Amino acid sequence: MEETKTIHELEQELAQAKKQVSGLELQLEETIIQLEEARDTIHAIHSGEVDALVIRSEGNTQLYTLKGSDETYRIIIEQMTEGAMTLDREGLVVYSNSRCATMISTSIERVTGQLFRSFVTPTDKALFDRLFAEAWETPVKAEVNVFDAAGKTIPVLLSLNTLILDDGTYLSVIMTDLTLQKETQQLLQEKNIQLEEAQEVARGLNQNLEKTVLDRTRELEISVLQKTLAEKELRSSREQLARILETMIEGVQIVTPDGRLNYANPMAQKLMGITATEGQEYLDPGYPKFKMDGDPLTREEDPVHRVMATGKPVFDFEIGVQPPGKDKFYLSVSAAPLMDENAQVIGSVATFMDVTNRRKVIQQKDEFISVASHELKTPVTSLKASLQLMNEVKDKGNPELVSKLITQANKSLTRLSVLIEDLLNVSKIRGGQLMLNKRAVSIYELVTACCEDLHQEKRFNIRVSGPQKLHVDADPDKLEQVLVNFLNNAMKYAADSKDIEIRITQPDDHVKVSVIDQGMGIAPDKVPHLFDRYFRVDNSGTQYSGLGLGLYISAEIIRKHGGQIGVESTPGAGSTFWFTLPLRH
Numbered sequence: 406m407e408e409t410k411t412i413h414e415l416e417q418e419l420a421q422a423k424k425q426v427s428g429l430e431l432q433l434e435e436t437i438i439q440l441e442e443a444r445d446t447i448h449a450i451h452s453g454e455v456d457a458l459v460i461r462s463e464g465n466t467q468l469y470t471l472k473g474s475d476e477t478y479r480i481i482i483e484q485m486t487e488g489a490m491t492l493d494r495e496g497l498v499v500y501s502n503s504r505c506a507t508m509i510s511t512s513i514e515r516v517t518g519q520l521f522r523s524f525v526t527p528t529d530k531a532l533f534d535r536l537f538a539e540a541w542e543t544p545v546k547a548e549v550n551v552f553d554a555a556g557k558t559i560p561v562l563l564s565l566n567t568l569i570l571d572d573g574t575y576l577s578v579i580m581t582d583l584t585l586q587k588e589t590q591q592l593l594q595e596k597n598i599q600l601e602e603a604q605e606v607a608r609g610l611n612q613n614l615e616k617t618v619l620d621r622t623r624e625l626e627i628s629v630l631q632k633t634l635a636e637k638e639l640r641s642s643r644e645q646l647a648r649i650l651e652t653m654i655e656g657v658q659i660v661t662p663d664g665r666l667n668y669a670n671p672m673a674q675k676l677m678g679i680t681a682t683e684g685q686e687y688l689d690p691g692y693p694k695f696k697m698d699g700d701p702l703t704r705e706e707d708p709v710h711r712v713m714a715t716g717k718p719v720f721d722f723e724i725g726v727q728p729p730g731k732d733k734f735y736l737s738v739s740a741a742p743l744m745d746e747n748a749q750v751i752g753s754v755a756t757f758m759d760v761t762n763r764r765k766v767i768q769q770k771d772e773f774i775s776v777a778s779h780e781l782k783t784p785v786t787s788l789k790a791s792l793q794l795m796n797e798v799k800d801k802g803n804p805e806l807v808s809k810l811i812t813q814a815n816k817s818l819t820r821l822s823v824l825i826e827d828l829l830n831v832s833k834i835r836g837g838q839l840m841l842n843k844r845a846v847s848i849y850e851l852v853t854a855c856c857e858d859l860h861q862e863k864r865f866n867i868r869v870s871g872p873q874k875l876h877v878d879a880d881p882d883k884l885e886q887v888l889v890n891f892l893n894n895a896m897k898y899a900a901d902s903k904d905i906e907i908r909i910t911q912p913d914d915h916v917k918v919s920v921i922d923q924g925m926g927i928a929p930d931k932v933p934h935l936f937d938r939y940f941r942v943d944n945s946g947t948q949y950s951g952l953g954l955g956l957y958i959s960a961e962i963i964r965k966h967g968g969q970i971g972v973e974s975t976p977g978a979g980s981t982f983w984f985t986l987p988l989r990h
């Protein structure tokens, strides 16, 4: 039976093999050092950098002086451990030392006069040809395989350099036998294989232990990784939450049970007039707060403290806030309790949303409903009175009075129709159902036609100026509605002025229609809101009839046409309402 070696024996053999390899590597390093020294020596000889050489051998030291004769060089070269040759331009060996002949197991006579290429193996001939060609330009070096006399392949390192002699230029070739180096490498590979086999046996013996260690390591790695990921995710969540809180358009506050501010984001600080200093009283300092009826908001009524007192959330609780020297604004407050693991209230979190615009819209709607009720009631009452009076006089033979009552009833119906039409137009605009029937329209003709319809108001002088051949693609009925609204406003708010001008101009590729009156003008703070829905101008306490929808509808009609609308007004100097439309091309 074949003896089975233990791992210990294999390791001892491997250690001994490593020592042998180390010894061979040291010998190889010494050989390489000797080669480098020999190359340096030859280079110094070629370049004339030395005048003499000291050759040491076992128990003997000889001194050679250089006097220009080839004999001295040959003695030195003959004693080299590397092969040395000289090649001519054809690649013929014109000189070879004995070491070179020994390497390829032949005599110097069989080497000299031969093409060195003939000693190169077929697989490396192309490589040698390239080296031979390049060496005439620059020194080259490479590993090449050559044959010996018995046909054995010998790995050698060739170093080629030009050599200038009296009779011409040659190639100096230094050939270093790499057989020992290659054998050392082979031995090292074999020892590595043995080492790998031994390691494989060890791995087999320790497989269970390694698997256990690996499993435990993986569990630990997974645990550490999970912890790291959790911490990273937590940091990311905190950073994301902080960014969200810092950029929210709603205010966010956290208050402790004793009423102190623990956190306030920038919007909360702005809305409530406080700073983010921890420990500050929630209700003091800050802007005064009021209930919707105008009474001050007490601590007990405040949603934040109410939540902590009851433990129940509060939603959409509206309060008023009065900053010093500024307009009052309104906030919607929602608050919820913060609980610990024992369901005990440890504070409250509240959000604040500015609902001032919402309050204004609600107020405008309330005012509009009141105005609309009044405006609709007036023509209905007038119509009812006319019909009742006609019913009383219909049999009394008074046709003039009946005719007058019918005319008055028709005016009331017309007024009622206009109000209803405005309401319907607003509904269409909000529903996106305002339709346009566009066609080519002459602006001048449209303006003059509107003026003719209004000439019944004899006390106004309406003058039209501007080019007469400007056309637009538009709905003529809708544009007439805008013009009539502008003119009616001029007559209503400039009743003391007799002159109204309609001016047509052409800025760039648009047409501009301006209605100019000489009335009392409009206050600057009212101008930005003229085209808002439900807005009604109240100058000097004077109330005018209307729903406050005419300019809003006009603005939507012009925007639907792709134009712009605006107003310019100076108090006491009149107003100019205008709109622009793209010209028809």
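Going by the numbering used here, the sequence shown opens with residue 406, and the numbers climb by one from there. The beta carbon of each residue, even a glycine, is placed where N, CA and C say it ideally should be. Predicted model only: the values in this text are computed from it and were never measured.
Whole-Å CB distance - Val578 paired with Leu562, under 8 Å assumed: For the purposes of this step, residue 578 is taken as the residue at position 173 of the sequence shown. For the purposes of this step, residue 562 is taken as the residue at position 157 of the sequence shown. The distance from the Cβ of Val578 to that of Leu562 is about 11 Å, inconsistent with a contact at the 8 Å cut-off.
contact_flag[the segment 580-596, the segment 544-560] where n(CB pairs < 8 Å) is 3 or more: Segments in contact, yes.
Please report the Cβ distance between Val726 and Tyr692, rounded to the nearest whole angstrom; I am assuming they are in contact, meaning their Cβ atoms lie under 8 Å. Taking the first residue of the sequence shown as position 1, residue 726 is located at position 321. Taking the first residue of the sequence shown as position 1, residue 692 is located at position 287. The C-beta separation of Val726 from Tyr692 comes to about 5 Å, placing the pair in contact by the 8 Å criterion.
Any idea which residues DSSP pairs Lys917 with across the strands? Counted from its first residue, the sequence shown places residue 917 at position 512. Partner(s): Thr910, Thr985.
Alpha carbon of Ile751 to alpha carbon of Leu743, nearest angstrom: To locate residue 751, count along the sequence shown from 1; it is residue 346. To locate residue 743, count along the sequence shown from 1; it is residue 338. So the alpha carbons of these two residues sit roughly 6 Å apart.
State the beta-bridge partners of Asp878 as determined by DSSP. The residue you call residue 878 lines up with position 473 of the sequence shown. Within the DSSP bridge table, the entry for Asp878 names Ala845 as partners.
Can you give me the Cβ contacts of Met490 inside the same chain, cut-off strictly under 6 Å, excluding the 5 residues immediately before and after it? For the purposes of this step, residue 490 is taken as the residue at position 85 of the sequence shown. Once the five neighbours on either side are set aside, the close Cβ partners of Met490 are Val498, Ser501, Cys505, Val578.
Among Lys917, Met677, Ile963, Thr981, which one has its Cα closest to the Cα of Asp932? To locate residue 932, count along the sequence shown from 1; it is residue 527. The displayed chain sequence assigns Val, not Asp, to residue 932. Checking every option, the nearest Cα to that of Val932 belongs to Thr981.
To the nearest angstrom, how far is the alpha carbon of Lys883 from that of Gln768? Position 478 of the sequence shown holds residue 883. Position 363 of the sequence shown holds residue 768. Near 30 Å, if we compare the C-alpha coordinates of Gln768 and Lys883.
Between the Cα of Met672 and the Cα atoms of Val916, Thr756, Met713, which residue gives the shortest distance? Residue mapping note: residue 672 aligns to position 267 of the sequence shown, counting from 1. Closest option to Met672, Cα to Cα, is Thr756.
On the DSSP letters alone, give me the boundaries of the beta strand (DSSP E) that Ser974 sits inside. Here residue 974 corresponds to residue number 569 of the sequence shown, with the count starting at 1. Run containing Ser974: 969-974, per the beta strand (DSSP E) assignment.
Length of the line joining the Cα atoms of Val852 and Thr975: Taking the sequence shown and counting its residues from 1, one reaches residue 852 at position 447. Taking the sequence shown and counting its residues from 1, one reaches residue 975 at position 570. Distance between the alpha carbons of Val852 and Thr975: 25 Å.
So the candidates are Gly924, Pro708, Pro881; which of them puts its Cα closest to the Cα of Ile962? For the purposes of this step, residue 962 is taken as residue 557 along the sequence shown, with counting starting at 1. The shortest Cα separation from Ile962 among Gly924, Pro708, Pro881 belongs to Pro881.
Leaving out five residues before and five after Glu483 in sequence, what residues of the same chain have Cβ atoms less than 7 Å from its Cβ? Working through the sequence shown from its first residue, we reach residue 483 at position 78. Hits under 7 Å: Asn502, Ser503.
Using 8 Å for Cβ pairs, my map puts Val660 next to Asn667. What's the rounded Cβ distance? Taking the first residue of the sequence shown as position 1, residue 660 is located at position 255. Taking the first residue of the sequence shown as position 1, residue 667 is located at position 262. 6 Å between Cβ atoms; contact.
Do Arg989 and Asp878 have their C-beta atoms within less than 7 Å of each other? Here residue 989 is taken as the residue at index 584 of the sequence shown, counted from 1. Here residue 878 is taken as the residue at index 473 of the sequence shown, counted from 1. The Cβ-Cβ distance between Arg989 and Asp878 falls below 7 Å.
List the whole-angstrom C-beta distance separating Phe722 from Val712, where the pair is believed to meet the contact cut-off of C-beta under 8 Å. Walking along the sequence shown from the start, residue 722 turns up at place 317. Walking along the sequence shown from the start, residue 712 turns up at place 307. Between Val712 and Phe722 the Cβ distance is about 10 Å, and since that is not below 8 Å, they are no contact.
In three-state DSSP terms, what is Lys694? Here residue 694 corresponds to residue number 289 of the sequence shown, with the count starting at 1. Correct three-state label for Lys694: strand.
Element boundaries [alpha helix (DSSP H), containing Ala669]: Translated into positions along the sequence shown, residue 669 becomes position 264. If you look at Ala669, you'll find it isn't in any alpha helix (DSSP H); it sits in the beta strand (DSSP E) that goes 665-669.
Among Ile654, Lys696, Met840, Ile909, which one has its Cα closest to the Cα of His966? Residue mapping note: residue 966 aligns to position 561 of the sequence shown, counting from 1. Ranking Ile654, Lys696, Met840, Ile909 by Cα distance to His966 puts Met840 first.
Could you tell me the boundaries of the beta strand (DSSP E) in which Ile958 lies? Locating residue 958 in the sequence shown gives position 553, counting from the first residue. Taken as a continuous stretch (DSSP letters only), Ile958 belongs to no beta strand (DSSP E), being part of the alpha helix (DSSP H) at 955-965.
On the CB-based measure, 16 or more other CB atoms within 10 Å of its CB, does His413 come out buried or exposed? To locate residue 413, count along the sequence shown from 1; it is residue 8. In summary, His413 is exposed, with fewer than 16 beta-carbon neighbours lying within 10 Å of its beta-carbon over all protein chains present.
Which parts of the segment 484-546 are runs of the alpha helix (DSSP H), unbroken and 4 residues or longer, counting only runs that do not cross its ends? 503-508, 513-516, 530-540, all fully within the segment 484-546.
Residues in its own chain within less than 7 Å of Lys596 by CB, not counting five upstream and five downstream? Stepping through the sequence shown from its first residue, residue 596 is reached at position 191. Excluding positions up to five away in sequence, the list reads Leu419, Ala422, Lys423, Val426.
May I ask you to report which of helix, strand or coil DSSP gives Leu431? Reading the sequence shown from its first residue, position 26 is the one you call residue 431. Correct three-state label for Leu431: helix.
Would you identify the three-state DSSP class for Phe865, choosing helix, strand or coil? On the sequence shown, position 460 is the one that residue 865 refers to. Reduced to three states, the DSSP call for Phe865 is coil.
So, helix, strand or coil for Glu548, using DSSP? Position 143 of the sequence shown, counted from the first residue, corresponds to residue 548. In the structure shown, Glu548 adopts extended strand secondary structure according to DSSP, grouped into three states.
Distance check for Leu634 and Leu646, CA to CA, integer angstroms please. Along the sequence shown, one-based indexing puts residue 646 at 241. Along the sequence shown, one-based indexing puts residue 634 at 229. Cα to Cα, the separation comes out at about 18 Å.
So the candidates are Asp700, Thr543, Gln599, Val920; which of them puts its Cα closest to the Cα of Leu576? The residue given as residue 576 occupies position 171 in the sequence shown. Of the candidates Asp700, Thr543, Gln599, Val920, the one whose C-alpha sits nearest the C-alpha of Leu576 is Thr543.
Using C-beta distances below 6 Å, list every residue in its chain close to Glu626, excluding the 5 sequence neighbours before and after it, in chain order. For the purposes of this step, residue 626 is taken as residue 221 along the sequence shown, with counting starting at 1. Within the same chain, no Cβ atom closer than 6 Å to the Cβ of Glu626 is found once the five residues on either side in sequence are excluded.
Which class does Pro804 belong to by DSSP, given the choice of helix, strand or coil? One-based indexing of the sequence shown puts residue 804 at position 399. Here Pro804 carries a helix assignment [DSSP, helix/strand/coil].
Helix, strand or coil for Thr584? Go by DSSP, reduced to three states. As a working note, residue 584 is residue 179 in the sequence shown. In the structure shown, Thr584 sits in a helix (DSSP, three-state: H, G or I).
Report all residues from its chain with a CB closer than 7 Å to the CB of Ser462; omit the five preceding and five following residues, and keep chain order. Here the question's residue 462 lines up with position 57 in the sequence shown. Below a pLDDT of 50, predicted positions are generally treated as unreliable, and Ser462, at 48, falls in that range; no measurement from the model is reported.
Is it buried or exposed for Lys917, if we count other Cβ within 10 angstroms and need 16 for buried? Residue mapping note: residue 917 aligns to position 512 of the sequence shown, counting from 1. So Lys917 counts as buried.
Across which residues does DSSP place Pro742 in a beta bridge pair? Your numbering for residue 742 matches position 337 in the sequence shown. DSSP lists Ser753 as the bridge partner or partners of Pro742.
CA-CA distance, Val889 and Asp732? Start at 1 with the first residue of the sequence shown, and residue 889 comes out as number 484. Start at 1 with the first residue of the sequence shown, and residue 732 comes out as number 327. In a straight line, the C-alpha of Val889 is about 37 Å away from that of Asp732.
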